[in-house]
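Q:
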DNA sequence: CTGTTAGCGCTTTCAT
DNA sequence: ATGAAAGCGCTAACAG
């Protein structure tokens with residue numbers, strides 16, 4: 001902890017503590033002359049205000065929290081980048097919490113945040129979240145809360161998402177047009193808004209092209225990578241294996257690549273794969289991969305901007321913003 | 001901010017504030033009976049302590065800061081994952097700051113942290129850092145500081161790094177053994193410990209195999225992606241272009257892939273590339289890529305563990321830890 | 001324009 | 001075993 005505080009500064013300057021405080025906050029009550037002296041002395045002694053004293057008194061922390069399932073994930077890393085950019089502009093600090101897809105972690109994190117440690121919370125739900133009690137409880141304490149990407153489906157709240165349904169539809173359509181007759185869909189969890197909607201788009205695309213939907217082809221994966229690999233392997237080992245795969249999240253696409261690699265299945269000749277992915281180098285490393293790329297950085301920026309509007313009460317009364325951004329479909333020569 | 005505090009709790013229970021406080025901290029001065037009552041009431045009213053009051057009083061924040069150049073970067077994302085894991089175990093909060101490779105940002109961030117907002121700092125320097133004044137200043141306030149990966153070379157301090165010199169040596173040797181006659185080296189900045197050491201390894205490998213070192217083949221890149229692309233393009237457009245490239249950081253490898261893609265240069269037939277990379281899927285997407293992979297997650301864990309040892313004063317007096325982990329060289333069929 | 005004063009909510013002696 | 005009281009460092013009325 002720093003040992004040089006307002007008291008010390010004021011003694012050094014022969015001023016009262018409050019005058020020094022006001023000078024430092026550039027109050028109109030203080031003469032330009034004094035301000036200069038104070039600033040100079042603060043600089044000289046390398047004065048750094050104690051943030052806790054200030055937060056305690058002013059009842060604001062100049063800090064926001066970001067709660068996400070994981071960080072070693074291109075989407076979330078980019079989103080955080082966008083969030084940090086906005087936060088930095090506003091002079092806010094950013095606390096990051098990882099839930100590792102565990103509802104328990106999410107719950108306890110949110111509970112801790114009710115202590116007033118932050119002025120606002122950005123959150124992307126974990127795959128197991130099936131209750132919103134902790135979230136409404138946080139909301140009730142008056143702390144602004146914005147959901148991004150993985151949002152609750154049964155709660156009125158501000159959200160920033162992408163066009164999941166449309167993207168799922170288009171991705172599937174892409175595979176159909178590329179000649180696929182049997183398309184599997186890898187989903188994370190039916191509880192999750194994103195996969196739920198993406199799968200719905202998949203189903204409707206099949207319907208549109210009069211392809212019958214086979215429930216066994218919609219595979220709900222777990223949070224265990226090993227078991228996901230096995231399930232995918234089993235799927236692709238079948239004689240009548242699918243000729244197309246729609247992976248609703250990047251991680252499952254990577255698992256698919258891995259299995260194909262192991263089984264010597266050629267993409268796209270033997271299996272066409274399309275996935276949500278923010279692996280920006282994927283098509284550089286393998287030019288035949290089609291992806292749906294979310295504007296992750298923009299999602300981060302939009303979410304943070306919305307949150308700050310709420311913190312600064314610049315958003316009206318009980319208006320609830322729902323921002324939807326567009327993903328981009330990057331089609332490669334998978335039809336070749 | 002929460003409205004339910006110790007005062008309210010104590011009124012509800014008919015106890016004094018201090019007794020309630022002690023009960024919640026499980027003090028031996030309080031009877032088991034009372035503790036139970038207090039805990040129950042705290043639970044019932046969903047009491048969350050005000051972290052600022054506590055921090056102000058106890059002069060500790062239960063928070064650490066992580067200062068890194070960027071987050072949309074596989075190495076740093078994984079490192080943060082490791083850091084968060086340890087921090088979470090210890091019940092600490094994690095503040096993240098991005099410098100975006102700007103020395104100014106780094107300086108002002110470090111300066112802010114002198115206010116006592118955190119109990120310790122983990123930092124990986126930005127490419128332009130050429131002074132350690134801000135760092136020694138932070139150190140002098142008594143806040144424990146651990147450097148990881150990008151560490152200062154002119155300052156006695158605890159560090160967690162990988163075997164950069166050896167890896168650079170081996171990577172270059174790999175290219176030489178694969179038949180390369182003219183090997184270029186893409187460096188980020190000579191100010192940076194990691195690239196400095198990696199380039200040194202490159203130079204010594206050339207020496208060992210009696211290949212003359214051409215200073216024009218050691219290319220110091222900038223923080224501007226566009227201009228890096230142009231430099232690489234120019235390098236590869238030459239009639240006597242190199243037949244091997246050693247990229248000291250992942251970003252430059254990706255730029256290289258990109259240029260090769262554009263110029264229709266085949267990797268590895270026409271150009272062998274090896275790079276530091278934590279793009280775990282690289283070889284999945286293109287099986288001919290060789291990489292040096294750093295144990296990023298472990299680096300994060302080790303750094304955080306070391307920091308906590310320092311915070312808890314479990315590390316002796318003026319002992320300075322220097323932890324070096326090993327990278328792994330993943331050799332692919334680039335010699336074919 | 002400057003100073004005095006009363007807390008913010010919590011921890012921690014020190015009494016009882 | 002419990003309570004009274006001081007104070008962490010800062011801000012914001014309110015006086016002067």
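Residue numbers (the UniProt record's numbering), protein chains in the order written: chain A, 1 to 336; chain B, 1 to 336. Think of the CB as a built atom: it goes at the ideal place given N, C-alpha and C, for glycine as much as any other residue.
1) Determine, using beta carbons only, whether residue 336 of chain B comes closer than 8 Å to chain A.
2) Ignore the nearest five residues each way along the sequence and tell me which others in residue 325 of chain A's own chain have a CB closer than 8 Å to its CB.
3) Give the interface partners of residue 273 of chain B over in chain A, defined as CB-CB distance under 9 Å, in chain order.
4) Chain A partners of residue 226 of chain B, CB-CB under 8 Å?
5) Buried or exposed: which applies to residue 172 of chain A, given that a residue is buried once 16 or more other Cβ atoms fall within 10 Å of its Cβ?
6) Leaving out the 5 sequence neighbours to the left and right, which residues in its chain are closer than 7 Å to residue 311 of chain B when beta-carbon positions are compared?
7) Is residue 307 of chain B near residue 122 of chain B, with beta carbons less than 8 Å apart?
8) I need the straight-line Cα distance from residue 330 of chain B to residue 290 of chain B, nearest angstrom please.
9) What residues in the UniProt domain "HTH lacI-type" (4–58) of chain A bring their beta carbon closer than 8 Å to a beta carbon of chain B?
10) Using a C-beta to C-beta distance shorter than 7 Å, which residues of chain A count as neighbours of residue 94 of chain B?
11) With 8 Å as the threshold, decide whether the Cβ of residue 80 of chain A is near any Cβ in chain B.
12) Since residue 220 of chain A is in the beta strand (DSSP E), which residue starts that stretch and which ends it?
13) Distance, Cα to Cα, residue 22 of chain A vs residue 309 of chain B?
14) Taking CB distances under 8 Å as the criterion, tell me whether residue 282 of chain B reaches chain A.
15) Exposed or buried, which one is residue 209 of chain A when buried takes at least 16 other CB atoms within 10 Å?
16) Could you check whether the stretch 229–236 of chain A touches the stretch 258–272 of chain B, counting it as contact only if at least three pairs of C-beta atoms, one from each stretch, sit closer than 8 Å?
17) Going along the chain, which residues of its own chain have a beta-carbon closer than 7 Å to the beta-carbon of residue 200 of chain A, five neighbours each way excluded?
18) So, is residue 282 of chain B buried or exposed, given that buried needs 16 or more other C-beta atoms within 10 angstroms?
19) Under 8 Å, Cβ to Cβ, is there at least one residue of chain B near residue 117 of chain A?
20) Check this for me: beta carbons of residue 189 of chain B and residue 229 of chain B, under 8 Å apart or not?
21) Would you identify the three-state DSSP class for residue 330 of chain A, choosing helix, strand or coil?
22) Could you tell me the distance, in whole angstroms, from the CA atom of residue 194 of chain A to the CA atom of residue 66 of chain A?
23) Would you check whether the ligand MN has a heavy atom nearer than 7 Å to the C-beta of residue 175 of chain B?
24) Leaving out five residues before and five after residue 203 of chain B in sequence, what residues of the same chain have Cβ atoms less than 6 Å from its Cβ?
25) Could you name the residues of the same chain whose beta carbon sits closer than 7 Å to that of residue 47 of chain B, not counting the 5 residues immediately before and after it, in chain order?
26) If you compare alpha carbons, which of B:129, B:226, B:187 and B:192 is closest to residue 215 of chain B?
27) Is any beta-carbon of chain A found at less than 8 Å from that of residue 184 of chain B?
28) Tell me whether residue 93 of chain A sits in a helix, a strand or coil according to DSSP, three-state version.
29) On the three-state DSSP scale, how would you describe residue 335 of chain A?
30) What residues are listed by DSSP as bridge partners for residue 324 of chain B?
31) With a cut-off of 8 Å on the beta carbons, I'd call residue 71 of chain B and residue 77 of chain A a contact; round off their distance for me.
32) Using the three-state DSSP reduction, which class does residue 4 of chain B fall into: helix, strand or coil?
33) Roughly how many angstroms lie between the CA atoms of residue 267 of chain B and residue 273 of chain B, to the nearest whole one?
34) Compute the Euclidean distance between the alpha carbons of residue 181 of chain B and residue 205 of chain B, then round it to the nearest angstrom.
35) Can you grab the Cα-Cα spacing for the pair residue 270 of chain A / residue 251 of chain B, in whole Å?
36) Curious, which full-length beta strand (DSSP E) runs of at least 3 residues does the stretch 183–261 of chain B contain?
A: Considering the structure as presented:
1) Any answer about residue 336 of chain B is weak, because its pLDDT of 37 lies below 50 and its placement is not dependable; what the coordinates show is given next. Answer no: the Cβ-Cβ gap between residue 336 of chain B and chain A never drops below 8 Å.
2) Same-chain partners within the cutoff: 160, 161, 162, 163, 294, 295, 298, 299 and 302.
3) Neighbours of residue 273 of chain B on chain A: none; closest Cβ ~11 Å, over 9 Å.
4) Those do not exist, as residue 226 of chain B stays about 15 Å from chain A at its closest Cβ, beyond 8 Å.
5) Buried.
6) Correct list, in chain order: 119, 120 and 144.
7) For residue 307 of chain B and residue 122 of chain B, yes; Cβs fall inside 8 Å.
8) Cα-Cα distance, rounded: 6 Å.
9) 46, 48, 49, 50, 51, 52, 53, 55 and 56: these are the residues of the UniProt domain "HTH lacI-type" (4–58) of chain A whose beta carbon lies less than 8 Å from some beta carbon of chain B, given in chain order.
10) By Cβ distance, chain A contributes 95 and 96.
11) Taking 8 Å as the CB threshold, residue 80 of chain A lines the interface with chain B.
12) Run containing residue 220 of chain A: 218–220, per the beta strand (DSSP E) assignment.
13) The alpha-carbon separation between residue 22 of chain A and residue 309 of chain B amounts to approximately 39 Å.
14) For residue 282 of chain B, a Cβ of chain A is located within less than 8 Å of the residue's own Cβ.
15) Here residue 209 of chain A is exposed, its C-beta having fewer than 16 other C-beta atoms within 10 Å.
16) Flag = no, the stretch 229–236 of chain A and the stretch 258–272 of chain B do not touch.
17) Correct list, in chain order: 165 and 168.
18) The residue is buried, with at least 16 neighbouring Cβ atoms inside 10 Å.
19) It does; some Cβ of chain B falls within 8 Å.
20) Cβ distance not < 8 Å, so residue 189 of chain B and residue 229 of chain B don't count as in contact.
21) In the structure shown, residue 330 of chain A sits in a strand (DSSP, three-state: E or B).
22) Distance between the alpha carbons of residue 194 of chain A and residue 66 of chain A: 19 Å.
23) Among the components of this structure there are no ligands whatsoever, and the ligand MN is therefore not found.
24) Closer than 6 Å at Cβ, skipping near neighbours: 213.
25) Taken in chain order, the residues that qualify are 4 and 9.
26) It is B:187 whose Cα lies nearest to the Cα of residue 215 of chain B.
27) Judged by the 8 Å Cβ criterion, residue 184 of chain B is not in contact with chain A.
28) Residue state, collapsed to three classes: strand.
29) Because residue 335 of chain A carries a pLDDT of 40, less than 50, the predicted location of this residue cannot be relied on, and the following value inherits that uncertainty. Reduced to three states, the DSSP call for residue 335 of chain A is coil.
30) According to DSSP, which records beta bridges pairwise, residue 324 of chain B is partnered with B:161.
31) Confirmed, Cβ separation roughly 5 Å.
32) DSSP, reduced to helix, strand and coil, places residue 4 of chain B outside both helices and strands of the structure shown, so it counts as coil.
33) Cα to Cα, the separation comes out at about 7 Å.
34) Cα to Cα, the separation comes out at about 13 Å.
35) Near 32 Å, if we compare the C-alpha coordinates of residue 251 of chain B and residue 270 of chain A.
36) You should have 183–187, 218–220 and 244–247.
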